Structures are given as structure tokens and as C-alpha cells.
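At position 322 of the sequence shown (counting the first as 1) the number is 321 in my numbering, and the numbers step up by one without a gap.
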Amino acid sequence: MDANHSTAAVLPPPAVHAGVIAWLRASLFSSPLNTLLTVLVAWLLLMVVPALVEWLFIRADFDATNAQECRASGGACWAFIVEKHRLILFGIYPFDEQWRPLLASIVLIAVIVCSCVRWFWKPFLPLFWMASLTLVAILMWGGVFGLSYVENDRWGGLPLTLILATFGIAFAFPLGLLLALGRRSNMPAVKALCVVYIELIRGVPLISLLFMSSVMLPLFLPEGFSIDKLLRAQIAIILFAAAYIAETVRGGLQAIPKGQYEGADSLGLSYWQQMRKIILPQALKVVIPPLVGIFIALFKDTSLVVIIGIFDLTQAAKTAVADAAWRGFSAEAYLFIAFIYFIFCFSISRYSQSLERHLRTGYQR
0 MDANHSTAAV LPPPAVHAGV IAWLRASLFS SPLNTLLTVL VAWLLLMVVP
50 ALVEWLFIRA DFDATNAQEC RASGGACWAF IVEKHRLILF GIYPFDEQWR
100 PLLASIVLIA VIVCSCVRWF WKPFLPLFWM ASLTLVAILM WGGVFGLSYV
150 ENDRWGGLPL TLILATFGIA FAFPLGLLLA LGRRSNMPAV KALCVVYIEL
200 IRGVPLISLL FMSSVMLPLF LPEGFSIDKL LRAQIAIILF AAAYIAETVR
250 GGLQAIPKGQ YEGADSLGLS YWQQMRKIIL PQALKVVIPP LVGIFIALFK
300 DTSLVVIIGI FDLTQAAKTA VADAAWRGFS AEAYLFIAFI YFIFCFSISR
350 YSQSLERHLR TGYQR
């Protein structure tokens, strides 16, 4: 009897209660409604995916020399991207000097990747950023070390998008922290100013701020004094992102138990010591997911600068499509830049998830 019981104890559970079959029943066929939705989604995928794969890859043309050959293939004309990739990626930057924005993009991506590695979280990291951004400015502008000068009206494509997003995040984050602290300040004047700023900026879309920075801001400047259009757009992006970061960080600060503040007071720490060593590290860990959402949204929102005539990645794609010799391949152009945006946004998202796991910010039940 004991032997039989011991043998029965080690038998695996029935397939309907564990394994793939159990997962399918629980996740896809747990109710009549879920079963219906599963069947509809499966039917939709069977209808769409084969045709999409055929158009994207099987019947696609990668080496056509003109638009007529591409149209004859009946699939995607990736030869158009091969022909126009330099215009899409670098805009109207001088053709013979496009190695400079390429190298500048590599430097920006490298410094961002290094900043994501914990080994680089040391006091020299700000100096590393300053040196990298200085190198990017030298490469893009030139005028020194034998490089020809290129005014920023001719910048465009991916390097310009990276510059707007990188500088936007780098300056908006500390400004957002200060605004969040100011909104929770006990000083009425400081708190009122921060509240007015945050609510005002969050109450209008980014496109309005870009229009104001491009059209209205020059009207308030002294005669003979002007600010570059690219700099005005960068300031608008920074101010916009800072307001959203401030509200997100404020939510994290409110989530910190009151005992943490009391414990910091009992240690005799000053206000800034409390924030830097105890409160802010905990608050920022709590709000990693929404902060990453803001960073991703900011990276994508840089495409809005096209409305004020800045030659970003989206505008470069529109210019490539406007070529009469290759007209009619806008789908391929926008799929190409969508893939670029997806790579960057997906990488940011995956890094945030790994950072959450490392810091154990999630709450499992």
C-alpha cells in the first residue's frame, strides 16, 4: 500500500491541468467570449500575416535601379530605401561630410548606452557627458580642426532627432526634479510658481509650444538679438517634458511613507541631504515605469518639429518621397523610419524593465 501511494505521489498531473494544454485553456479558451475572440484574432492573423510577409519580403525588390522596376515586382520597393537612405538618415547635410553626423550619432548612442551600465555610475559620468556632447558639437558644426563649418539649418535626419531627444531628456530631468520639489515646498511663493508653471505647460500640447517658440518668442526679444530656430525648439521640448517629469516625480514623493521623512529628520540631515540620500532615490525607483514612458514619448514627439521647418527624420523621409523619380513609395519610407523609432523605443523599454528587476521596484503578489 505504501509503495502504491509513493508511486502515485510522483506521477505528473494530468495534461489538462498543467503544461501547454492547461495554459491554452486558461488563457485563450477560458470562456465562450475568450474562445470567440481567440478564433477571430487567429482568423485575422491568417488573413493579414501571409499577405504582409509576401509584400514585405517575398515579392520585395531590393536592387531595382528605377521606380518602374520596383512597381513591376508587386512588392515593397526597398531599393528606394537603398537609394535614399543617406537623405533620410542625414537630411541635407553636405554629402561629402556625412561621415560627421554618422560619427556624432554613434557618439550619442555610445554615451547613452554607457550611462545605462552601472559601472559608469561614478563621479566622472557628467564629465564624460560633457566631453561627448562637445565632440558632437564639433562634429556637427565644424569650423575647427580642419572641418568645414556647417550651419545647423542644414542638419537633419537621425542625428538631429537624437540631439533633440538627448538634450531634451538631459536638461528636462533635473528641471523636473526641482519643479517637483518646489511644488511640495513649504514656501508659498515657490510652490505657487511651480504649480502655475506645471499646470500651464501641461494644459497645452507640445505643438503649441513649438509654434510659440518659433513665431512669438522672437517678438519679445530685444531688437538685434535672436535665438536660433533649433535652439528655440529645443527649449520648448525641455520645458514641456520637465512639467510632466515634475508631476511624475511628485507622485513618487507622495508614495514615500512619512516615517522616512521623520527618520531623516532624526538623523539631523539637512533638507537637501534628505532628498539626495534618502527620499529621492526611493521616489525615483517607484516612478521608473512612468518616467520611461515620458522619455519614450519625448523621443517620438521630436518628430513634431517638422511643423516649424526643422529637418528631422520625418521631414527627411517626406523629402525623399517627394523625388519625382521615386514618387509613390511613401509606405516604404515611413516603415523605415518607424522601424528606427521602434528600435530605440523598444531598447529603452527593455532597459527599464531590467533596471526595475535589478532594483526590485516591482511588487509581486
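We put the beta carbon where it would ideally sit given N, CA and C, even for glycine. Here the structure is a predicted model, which is why all the values come from computation and not from measurement.
If you draw a 10 Å sphere on the C-beta of residue 310, you find 16 or more other C-beta atoms in it, and that means buried.
Considering only 344, 90, 288, the residue with the shortest C-alpha distance to residue 358 is 288. A straight line joining the alpha-carbon of residue 127 with that of residue 119 spans about 9 Å. Residue 293 and residue 172 have their C-alpha atoms roughly 10 Å apart.
Under the DSSP assignment, residue 150 falls outside any alpha helix (DSSP H); it carries neither an H nor an E label. Inter-residue distance for residue 21 and residue 34 is about 14 Å (C-alpha atoms, whole angstroms). In this structure, residue 248 lies near residue 282, with their beta-carbon atoms less than 8 Å apart.
Judged by DSSP in its simplified three-state form, residue 62 adopts coil rather than helix or strand.
Between residue 156 and residue 148 the beta-carbon gap is near 19 Å, outside 8 Å, which marks them as no contact.
Minimum Cα-Cα distance from residue 90 among the listed residues 110, 346, 160 corresponds to 160. Remark: C-beta atoms of residue 226 and residue 220 approach each other more closely than 8 Å. About 14 Å separates the CB atoms of residue 165 and residue 229; that is not less than 8 Å, and the two are not in contact. Here residue 233 is buried: its Cβ has 16 or more other Cβ atoms, across all protein chains shown, within 10 Å. Cβ contact annotation for residue 58 (same chain, cutoff 7 Å, sequence separation greater than five): 72, 73, 74, in chain order.
Closest in alpha carbon position to residue 158, among 87, 115, 79, is 87. DSSP, read as helix, strand or coil, puts residue 227 in coil. Per DSSP, the unbroken alpha helix (DSSP H) holding residue 165 starts and ends at 156–182. The C-alpha of residue 264 is placed about 46 Å away from the C-alpha of residue 210. Sorting 348, 353, 320 by C-alpha distance to the C-alpha of residue 84 places 320 at the top. Within 10 angstroms of the beta-carbon of residue 77 lie 16 or more other beta-carbons, which makes it buried. Setting aside the 5 residues that flank it on each side, residue 80 is surrounded in the same chain by 87, 331, 332, 335, each with a C-beta closer than 8 Å to its C-beta; the list follows chain order.
Counted as a single uninterrupted DSSP element, the alpha helix (DSSP H) harbouring residue 340 occupies residues 329–358.
Between the alpha carbons of residue 139 and residue 60 lies a gap of roughly 34 Å. If the five residues before and after residue 137 are omitted, its C-beta is found closer than 8 Å to the C-beta atoms of 143, 144, 146, all from its own chain and listed in chain order. Residue 311 carries a strand assignment under DSSP once its states are collapsed to helix, strand and coil. With contacts defined by Cβ atoms closer than 8 Å, residue 179 and residue 268 do not form a contacting pair. Cα atoms of residue 325 and residue 66: separation of roughly 5 Å, rounded to the nearest angstrom. Listed in chain order, the non-local C-beta contacts of residue 28 below 8 Å within the same chain comprise 34, 37, local neighbours out to five positions each way being set aside. Out of 337, 327, 31, the CA that lies nearest to the CA of residue 68 is found in 327. The shortest CA-to-CA distance from residue 355 to any of 291, 307, 298, 299 is the one to 291.
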